[in-house]
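If you read the sequence shown in our numbering, its first letter stands for residue 107, the second for the next number, and so on. Don't be surprised by glycine CBs; every beta carbon is placed ideally from N, CA and C. These notes concern the structure reproduced below.
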Amino acid sequence: MRMAGAVRGGSRRQAKPPVKAPPRPARAAAPKAARQSARDARQPQGLSPKVALAGAVLVLALALGATLASGHRGERLAANIGAAIDSRFAAAGFRVRHIEVQGASALAKADIARAAGIYDNQPLMGLDLDALRRHVEQVGWVKEARIVRLLPDTLMVVVVERRQLAVWQHSGRQYVIDEHGRVIPEADARRFTTLPLVVGEGGAEHAPEILPVIAQRPRLMSQMDALVRVDDRRWDLRMKDGSLIQLPASGEESALMQLEHLDQRSRILELGFDRIDLRNPDVVAVRPRQAPPLSSPAAAGA
Numbered sequence: 107m108r109m110a111g112a113v114r115g116g117s118r119r120q121a122k123p124p125v126k127a128p129p130r131p132a133r134a135a136a137p138k139a140a141r142q143s144a145r146d147a148r149q150p151q152g153l154s155p156k157v158a159l160a161g162a163v164l165v166l167a168l169a170l171g172a173t174l175a176s177g178h179r180g181e182r183l184a185a186n187i188g189a190a191i192d193s194r195f196a197a198a199g200f201r202v203r204h205i206e207v208q209g210a211s212a213l214a215k216a217d218i219a220r221a222a223g224i225y226d227n228q229p230l231m232g233l234d235l236d237a238l239r240r241h242v243e244q245v246g247w248v249k250e251a252r253i254v255r256l257l258p259d260t261l262m263v264v265v266v267e268r269r270q271l272a273v274w275q276h277s278g279r280q281y282v283i284d285e286h287g288r289v290i291p292e293a294d295a296r297r298f299t300t301l302p303l304v305v306g307e308g309g310a311e312h313a314p315e316i317l318p319v320i321a322q323r324p325r326l327m328s329q330m331d332a333l334v335r336v337d338d339r340r341w342d343l344r345m346k347d348g349s350l351i352q353l354p355a356s357g358e359e360s361a362l363m364q365l366e367h368l369d370q371r372s373r374i375l376e377l378g379f380d381r382i383d384l385r386n387p388d389v390v391a392v393r394p395r396q397a398p399p400l401s402s403p404a405a406a407g408a
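Structure representation (structure tokens):
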């Protein structure tokens with residue numbers, strides 16, 4: 107028999123839902139910026155590595171500048187550092203044991219080596235090559251120079267030597283001159299007997315103008331004994347047989363062409379003459395060589 111459930115109060119009562127506990131009040135979250143500020147406040151302040159490095163370089167530069175401005179202590183410091191480095195290289199075998207001079211004649215090499223002032227076993231790395239080059243270029247033989255280190259023990263001096271043009275005779279003395287008419291003080295004129303002889307005041311200055319013109323005529327050049335400057339305005343060619351060729355004050359090359367044509371026609375340079383005057387461009391005056399006087403029989407028997 108099915109029994110109905112008894113319900114107090116005559117009606118069914120519904121169960122009350124469970125009461126939820128009130129939420130706990132949440133802690134106020136600190137703003138992110140505030141938290142970062144708090145951490146920064148707890149940490150010591152400092153510079154970034156890049157800024158710190160730049161500052162160190164600046165401080166070093168200022169300190170070096172102050173040192174240099176306060177006297178020669180910076181120079182002495184640099185010199186001491188350079189000497190110490192040079193000493194280390196020298197101890198490793200980087201010393202001068204060979205000096206090679208290239209581009210210079212045998213007569214010039216001794217003067218060049220003397221001007222360089224390099225001694226055996228001198229530390230190679232400590233040489234001031236620019237100063238050494240200037241010393242070498244002060245030698246009269248040298249037009250220009252270049253200094254090269256050849257590790258471990260060789261110093262090479264490469265020079266361009268001045269070309270010796272002529273021997274200039276003036277006021278009882280003789281000098282060797284170069285292609286620009288400048289005297290080479292170290293050159294001994296007695297050793298240059300094959301060079302043309304230039305005589306007279308102004309001869310050295312003007313010889314580079316006339317000698318190349320004469321050198322283009324080997325036949326004339328071979329018979330010339332000296333080139334004589336007359337009144338520092340024109341030239342006389344003194345020949346080996348004592349004859350004389352007089353050139354004008356200007357137009358020397360045209361006058362020499364006239365002489366060349368005359369020699370082609372009459373072989374005047376072979377036949378001989380006393381004087382050829384080329385000073386007038388319109389007239390070539392030739393004075394023949396006078397025959398020696400015949401000796402009389404009486405004089406011959408005396």
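The shortest CA-to-CA distance from F379 to any of R385, I351 and E359 is the one to I351. Within the same chain, no residue comes within 6 Å of E376 by CB-CB distance, once the 5 residues on both sides are set aside. Here D383 has Q352 and A391 as same chain residues with Cβ atoms under 6 Å from its own Cβ, once five neighbours each way along the sequence are excluded.
Pairing L230 with V207 gives a Cβ-Cβ distance that is not under 7 Å. DSSP places R268 outside both helix and strand once states are collapsed to three, so it counts as coil. For the set P302, V282, P258 and V248, the Cα lying nearest the Cα of P324 is the one of P302. Inter-segment contact for the segment 277–284 and the segment 223–243 is absent: fewer than three beta-carbon pairs are separated by less than 8 Å. DSSP links H204 through a beta bridge to T260.
Taking 8 Å as the upper bound for CB-CB distance, W247 and A210 are in contact here, some 7 Å apart.
Restricting attention to I316, R339, S360 and D217, the CA atom closest to the CA of Q244 is found in D217.
Distance from G308 to D338 at the Cβ level is roughly 4 Å; contact confirmed, criterion being Cβ atoms closer than 8 Å. Taking 7 Å as the cut-off, the Cβ atoms of V289 and A332 do not count as close.
In its chain, beyond the 5 residues on either side, V266 have a beta carbon closer than 6 Å to the beta carbon of E250.
Non-local C-beta neighbours of V254 in its own chain, meaning closer than 6 Å and more than five positions away in sequence, comprise M262, ordered along the chain.
For M330, same chain residues with a beta-carbon under 8 Å away, outside a window of 5 residues either side, are P302, I320, L343, R344, M345 and K346 in chain order. Taken in chain order, the complete alpha helix (DSSP H) segments of 4 residues or longer contained in the segment 290–378 are 309–321, 324–329, 358–372 and 374–377.
Rounded to whole angstroms, the Cβ separation of V242 and A222 is 6 Å, and the two are in contact under 8 Å. Contact annotation: A355 and R340 have beta-carbon atoms nearer than 7 Å.
The DSSP-derived three-state label of H276 is strand. Under the criterion of beta carbons closer than 8 Å, Q275 and A293 do not qualify as touching, at roughly 14 Å.
According to DSSP, R393 shares a beta bridge with R381.
For D284, the pairing in a beta bridge is given by DSSP as Q270. By the Cβ neighbour-count rule, S349 is buried, with 16 or more other Cβ atoms within 10 Å of its own.
Our two residues, S328 and R297, have alpha carbons roughly 19 Å apart in a direct line. Annotated three-state conformation of V245 is coil, per DSSP. Of the candidates K215, L256 and Q364, the residue whose Cα lies closest to the Cα of L326 is Q364. Between E358 and I316, the C-beta spacing is below 7 Å.
V264 sits close to R252, with the two beta carbons spaced by under 7 Å. C-alpha of L256 to C-alpha of V334: approximately 49 Å in a straight line.
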